[in-house]
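Undergrad: Residue numbers (our numbering): 16 to 525.
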């Protein structure tokens, strides 16, 4: 071949110090394209995962806040964009359940279950079918399936996995829904309590656990009342004590004390009332004070005045600390009120107003001091008054129904009450009365200081004429009397705060 003949030279691609043949160039291009496609697809998957996680987090947040409609919209959008994500169907079904749309919920759970055929795994189908059973109230089927799946996870040693936590959350949902259904219509308290307790075992979220405990305690309280109605006092008390492990509530302590009180076990009642007082003095002061006084009364009846005094003193100290009105501790009734225009001068219309009434103690303790006052009015105008000390240490006011004497016996005197007569210090004239009406307000005070607090106990009114007297008002509590009784605070008031006494009049020295 001639030296200068044309030769075809193979062109090689130069890469640094290396040369690639056309075949190598082709393979490099293919590999690069595959890698690029892989990167793009990975990015797409990451985007879809992040996007679905966003929907789940947002929807679950709405559910926890009680915004169920917004949660449903969020999961609906997630289902639209991620039709192969079983969680989307699960959560959407849950939202529909809370909205009361059971058929829609069942459809979503079926869709989640059907994903098993596409290789999503047995647990997905198990959860979806369990959700469907819960919606249909097939609780036993759901329990059997979920417990079996959880046992499988235990054998695998994956108790802390996300799948296990999801199983536990579904078990919580199952037992809570089951318990709720048992509390409706004709409640089965025993079974409902058992289901709520099982739900608490699997709960890992604090707010869910608190909700379950509230439901459990409510069921226990109602069941205890039912047991008391069936005369099963020991079972009721045992159940209430059990509830204290979940919620140490003053209301539960009070309920236990009440049960002992109803059974006549005063000592146990006092013990539990004291515990309730330590937990919350504001709501139990009156109850505890009453029980201490009752115990003191029993000791007096058994001729143990010194021991009784200790209980009386404790009751008084509790009442003082709780700022309970003395009118609640030492209730006194004013009865049989009469308003008499004494020494009536029919020519001039002058007379002396006199109020007669009886004081009846309803207290367990002797009243060593009590002042009584009568104020006479014409319309709203005060025109005269009179007062006196009705009880003092040497002559205390006693409750005729209680053994509050030192000998432990019931007092025999003044069984119908202590008669008090109050006469105004000046004479009045019929002409000064508005429409001829004369009114008297009878009040009592428990202290003899300069400005005692007066409690109005009765109001009585008559119409005075020169030749006759006409009684206007009628008695509210006793038809034979003409007195308007002012309602007294009740000693047994179990309210959160002591019952306020009647609005006192302006204070004046006795």
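No residue lacks a Cβ here, since even glycine has one placed at the ideal position from N, Cα and C. None of these values were measured; they are calculated from a predicted model.
Look at the Cβ atom of residue 146, then the Cβ atom of residue 185, and state whether they are nearer than 8 Å.
TA: Yes.
Undergrad: By the three-class DSSP mapping on this structure, what secondary structure does residue 433 have?
TA: It is a strand residue.
Undergrad: Answer with buried or exposed for residue 380, where buried requires no fewer than 16 other C-beta atoms within 10 angstroms of its C-beta.
TA: It counts as buried.
Undergrad: In chain order, what residues of the same chain lie with their CB nearer than 6 Å to the CB of residue 394, ignoring the 5 residues before and after it?
TA: Hits under 6 Å: 449.
Undergrad: What residue from 171, 287 and 221 has the CA that sits closest to residue 270's CA?
TA: Minimum Cα distance to residue 270 is reached at 287.
Undergrad: Quick check: residue 304 and residue 355, are their CB atoms within less than 8 Å of each other?
TA: The answer is no: Cβ separation not under 8 Å.
Undergrad: Which residues in the same chain as residue 223 place their Cβ atom closer than 7 Å to its Cβ, once the five residues preceding and following it in sequence are excluded?
TA: Excluding sequence neighbours, residue 223 sits near 187.
Undergrad: With the cut-off set at 8 Å, would you say residue 442 and residue 366 are in Cβ contact?
TA: Result yes, Cβ atoms of residue 442 and residue 366 sit closer than 8 Å.
Undergrad: Would you mind working out which of 211, 74, 245 and 392 sits nearest residue 454, comparing C-alpha positions?
TA: Ranking 211, 74, 245 and 392 by Cα distance to residue 454 puts 392 first.
Undergrad: Residues in the same chain with beta-carbon distance under 6 Å from residue 331, minus the five sequence neighbours each way, listed in chain order, please.
TA: Excluding sequence neighbours, residue 331 sits near nothing in its chain.
Undergrad: Does residue 234 come out as helix, strand or coil in the three-state DSSP assignment?
TA: It is helical.
Undergrad: Closer than 8 Å, CB to CB, is residue 300 near chain D or not?
TA: Protein chain content of the structure displayed is limited to a single chain, and chain D is not contained in it.
Undergrad: Identify, in the order they occur along the chain, each residue of the same chain with its Cβ nearer than 7 Å to the Cβ of residue 157, setting aside the five sequence neighbours on each side.
TA: Result list for residue 157: 145, 148, 149 and 189, in chain order.
Undergrad: Is the beta carbon of residue 372 closer than 8 Å to that of residue 457?
TA: Yes; because the gap between Cβ atoms is below 8 Å, this pair is in contact.
Undergrad: Residue 320 to residue 348, Cα distance in whole Å?
TA: Their backbone Cα atoms lie some 26 Å apart in a straight line.
Undergrad: Just tell me which of 249, 445 and 248 has its CA closest to the CA of residue 363.
TA: Per the Cα distances, 445.
Undergrad: Among the residues of its own chain, which have a CB less than 6 Å from the CB of residue 56, if the five just before and after it don't count?
TA: With a pLDDT of 48 at residue 56, under the threshold of 50, the modelled position of this residue cannot be trusted, and the question is left open.
Undergrad: Could you tell me whether the Cβ atoms of residue 166 and residue 179 are closer together than 8 Å?
TA: No, the pair does not count as a contact, with Cβ atoms beyond the cut-off.
Undergrad: From which residue to which residue does the alpha helix (DSSP H) around residue 248 run?
TA: From DSSP, the alpha helix (DSSP H) with residue 248 extends over 248-258.
Undergrad: Considering only residues of the region 279-313, which uninterrupted alpha helix (DSSP H) runs meet the minimum length of 4 residues and lie entirely inside it, listed in chain order?
TA: Fully enclosed alpha helix (DSSP H) runs of 4 or longer: 281-294.
Undergrad: Whole angstroms are fine: how far does the CA of residue 81 sit from the CA of residue 413?
TA: Answer to the nearest angstrom: the Cα atoms are 60 Å apart.
Undergrad: Under a Cβ-count criterion, where at least 16 other Cβ atoms within 10 Å of its own Cβ denotes burial, should residue 310 be classed as buried or exposed?
TA: Looking at its Cβ environment, which holds 16 or more other Cβ atoms inside 10 Å, residue 310 is buried.
Undergrad: Please go through the same chain and pick out, in chain order, the residues whose beta-carbon is closer than 6 Å to the beta-carbon of residue 24, but skip the five residues on each side of it.
TA: With a pLDDT of 49 at residue 24, under the threshold of 50, the modelled position of that residue is not reliable, and no figure is offered here.
Undergrad: Which residue from 194, 83, 126 and 476 puts its Cα closest to that of residue 352?
TA: Answer by Cα proximity: 476.
Undergrad: Relative to the alpha-carbon of residue 263, which residue among 276, 292, 388 and 415 has its alpha-carbon at the smallest distance?
TA: Residue 292 is the option with its Cα nearest to residue 263.
Undergrad: Residues in its own chain within less than 7 Å of residue 119 by CB, not counting five upstream and five downstream?
TA: Here the set comprises 111.
Undergrad: Can you find the residues in the same chain that come closer than 7 Å, C-beta to C-beta, to residue 334, ignoring five residues on each side of it along the sequence?
TA: Same-chain partners within the cutoff: 300, 304 and 344.
Undergrad: Can residue 101 and residue 71 be called in contact, C-beta distance under 8 Å?
TA: No, Cβ-Cβ distance for residue 101 and residue 71 is not below 8 Å.
Undergrad: Return helix, strand or coil for residue 123, following the three-state DSSP convention.
TA: It is helical.
Undergrad: Just tell me which of 396, 368 and 465 has its CA closest to the CA of residue 440.
TA: If we check each option's Cα against that of residue 440, 368 comes out closest.
Undergrad: Among 384, 239, 403 and 113, which residue has its Cα nearest to the Cα of residue 409?
TA: Considering only alpha carbons, the answer is 384.
Undergrad: Are residue 252 and residue 274 closer than 8 Å when you measure CB to CB?
TA: Result yes, Cβ atoms of residue 252 and residue 274 sit closer than 8 Å.
Undergrad: Along the chain, where does the alpha helix (DSSP H) that runs through residue 320 open and close?
TA: Its alpha helix (DSSP H) spans residues 320-336.
Undergrad: Can you look up residue 444 in the DSSP assignment and give me helix, strand or coil?
TA: Strand.
Undergrad: Under 8 Å Cβ to Cβ from residue 295, same chain only, skipping five residues before and after it: list those, please.
TA: The residues are 265.
Undergrad: Quick check on the burial criterion: 16 or more other C-beta atoms within 10 angstroms. Buried or exposed for residue 65?
TA: Residue placement at residue 65 cannot be trusted, given a pLDDT of 47 that sits under 50; what the coordinates show is reported in the next sentence. So residue 65 ends up on the exposed side.
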